[in-house]
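Per numbering that gives the first Met the number 0, residue 0 is the first one in the sequence shown, and the count goes up by one each step. Each residue gets a CB set at the ideal place from its N, CA and C atoms; glycine is no exception. Here is the structure we will look at.
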Amino acid sequence: MLLRKTALVVSVAVAALIASAGTATAAPAPAAPTAAAVNPVIVVGGLSGVAVAYEPIAARLRADGYRAFIYQLPGLGLGDIPTSARAFATYVDQVRASTGASTADVVAHSEGGLVSRYYLKRLGGTATVGRYVSLGTPQYGTYVANIVAFLGLGSCAGIVACQQMTIGSAFLADLNAGDDTTGAVRYTTIRTLQDELVRPTGNAVVNDGATNVLIQSYCPLRVVGHLGLVLDGTAYTIVRGALVDGPVRPNCLAL
């Protein structure tokens with residue numbers, strides 16, 4: 000990963016020279032918030048995502064003054080997504096109780112974005128969440144999940160969450176019925192053209208008033224994979240802006 004990021008510095012520097020000023024120019028970062036004045040932020044892991052893998056983005060948030068927590072999905076997210084969402088609801092209440100905050104913000108990676116959105120839409124979570132930011136979440140499913148069956152490995156090799164993330168699944172039909180962005184929550188989705196696991200990458204967006212950000216629309220030569228979304232500096236500048244309700248101004252040179 001370090002070698003990859005070193006290579007990115009060179010390539011993105013070239014991008015900064017050739018991209019338009021409105022596209023690749025780095026914007027000044029918003030002022031760091033006062034911890035007591037902002038919502039706690041819950042980083043929600045994805046399928047097979049152990050908590051330690053999300054420590055880098057949590058550390059960035061803490062350095063910027065946020066009270067950041069990491070939620071590892073039950074059973075590493077292999078099981079039923081609504082069941083994981085009910086467990087997540089309990090965790091949100093625990094964070095609110097421990098911090099004294101009435102609402103929390105959510106930054107969710109991959110499957111974690113579906114768990115969080117199910118909580119918002121079906122379990123009354125809009126009353127306790129202020130902002131929802133997803134990173135590479137297959138909001139409308141992914142062909143990568145479908146292809147497992149195509150290869151003769153059964154229905155997602157028996158992994159329930161994988162079955163639910165297939166395009167056209169009953170779970171996604173239910174989740175995406177009606178308004179994608181329920182409640183007064185501010186919704187932001189972040190995606191990348193190089194996402195290996197969310198295909199087509201356009202399925203990582205939600206409708207009905209969300210802010211949907213494609214990294215390469217602002218930083219054309221930025222290379223970010225699915226797992227890289229929680230490590231990449233440019234992606235983090237988008238997250239940070241979303242948490243302060245700022246405009247989309249990614250820093251294309253961020254490490």
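Item, Value
"Host beta strand (DSSP E) of residue 189 (start-end)", "185 to 190"
"Reduced DSSP category for residue 60 - H, G, I as helix; E, B as strand; rest coil", "helix"
"Neighbourhood of residue 57 by C-beta distance below 6 Å, restricted to the same chain and skipping five residues each side", "42, 67 and 69"
"Residue closest to residue 252, alpha-carbon to alpha-carbon, out of 219, 201 and 71", "219"
"Per-residue DSSP class, three states only, for residue 65", "coil"
"Range covered by the beta strand (DSSP E) that runs through residue 131", "128 to 134"
"Rounded straight-line distance, which links the Cα of residue 237 to that of residue 248", "7 Å"
"Enclosing alpha helix (DSSP H) for residue 158 [first to last residue]", "Run containing residue 158: none; DSSP gives neither H nor E here."
"Classification of residue 51 by the beta-carbon crowding that lies within 10 angstroms, buried from 16 upward", "exposed"
"Alpha carbon of residue 128 to alpha carbon of residue 221, nearest angstrom", "31 Å"
"Inter-residue Cα distance where the pair is residue 169 and residue 54", "33 Å"
"Whole-number beta carbon distance between residue 116 and residue 174, since they are thought to touch under 8 Å", "7 Å"
"Residue range of the alpha helix (DSSP H) that includes residue 89", "80 to 98"
"Collapsed DSSP secondary structure at residue 234 in the structure displayed", "helix"
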